[in-house]
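Okay, structure first, notes after.
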Ligand SMILES: CC(C)(COP(=O)(O)OP(=O)(O)OC[C@H]1O[C@@H](n2cnc3c(N)ncnc32)[C@H](O)[C@@H]1OP(=O)(O)O)[C@@H](O)C(=O)NCCC(=O)NCCS
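Residue numbers (our numbering): 15 to 207.
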């Protein structure tokens with residue numbers, strides 16, 4: 015088992031413990047840690063947001079505070095920061111949204127602060143996070159939409175047992191250009207095989 019739930023799923027705050035990380039809600043105290051990677055062009059290159067200022071990070075954190083932290087209704091979202099236990103710093107984050115209630119499908123995403131790339135943190139956090147998302151009663155399928163110019167993220171999806179299900183040419187217009195996207199997916203019944 016890759017994670018430990020602390021408290022019941024209905025309690026706030028939601029905490030997921032892994033070996034090196036504590037996944038937990040992000041607060042205004044984390045602004046400086048988030049600014050390091052939210053303001054990094056290399057980090058945000060293939061994710062929806064643009065490079066953020068400190069004020070924009072504060073706004074993002076204020077928005078995170080409004081999220082239900084559970085997936086019950088279409089559009090519900092969860093964002094958890096990855097606190098490095100050894101330092102107390104937030105070095106990345108996971109997100110999930112319930113994109114379709116009738117189809118019981120959530121999408122997930124992951125971001126690691128650049129100084130911590132290639133140290134297994136995204137895998138450690140995302141494996142625990144995916145287990146948690148599948149613990150939500152309405153989720154039976156998890157997808158990740160990944161820009162085809164981001165093979166590092168695709169390899170991570172594969173390591174997380176996600177399957178490449180298709181390539182969608184010029185399916186997203188973002189940051190001034192049309193982007194080709196891969197869709198990766200995994201079913202609840204597949205994750206523990
Ligand atoms: C993609 C990203 C989250 C990976 O984070 P990470 O913490 O470096 O990933 P990990 O160290 O846990 O690596 C897990 C696996 O991902 C793959 N991977 C990660 N970085 C890679 C790289 N530079 N080249 C090739 N594969 C890579 C590998 O399969 C790796 O497993 P391995 O170490 O056993 O080979 C990170 O590069 C990132 O934050 N990128 C910017 C944000 C982003 O694009 N997010 C995804 C949007 S879809």
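We put the beta carbon where it would ideally sit given N, CA and C, even for glycine.
Legend entry - Nearest to residue 56 (by Cα), restricted to the options 169, 127, 162, 156: For the options 169, 127, 162, 156, the alpha carbon positioned closest to that of residue 56 is the one of 127.
Legend entry - Beta-carbon gap between residue 158 and residue 179 smaller than 8 Å: Contact flag unset, no.
Legend entry - C-beta contact flag for residue 143 and residue 37 at 8 Å: Pairing residue 143 with residue 37 gives a Cβ-Cβ distance under 8 Å.
Inset, instruction - To the nearest angstrom, report how far apart residue 66 and residue 196 are at their CA atoms. - result: Residue 66 and residue 196: Cα-Cα distance of roughly 26 Å.
Inset, instruction - Report yes or no: do three or more beta-carbon pairs, one from the segment 64-81 and one from the segment 30-46, lie closer than 8 Å? - result: Counting C-beta pairs closer than 8 Å gives three or more between the segment 64-81 and the segment 30-46, which meets the contact rule.
Legend entry - Residues of its chain near residue 98, where Cβ-Cβ distance is below 7 Å and the 5 sequence neighbours each way are ignored: If we look at residue 98 and ignore the five residues flanking it on each side, its Cβ neighbours are 34, 35, 105.
Legend entry - Where the alpha helix (DSSP H) containing residue 187 begins and where it ends: Counted as a single uninterrupted DSSP element, the stretch harbouring residue 187 is not any alpha helix (DSSP H) but the beta strand (DSSP E) occupying residues 177-188.
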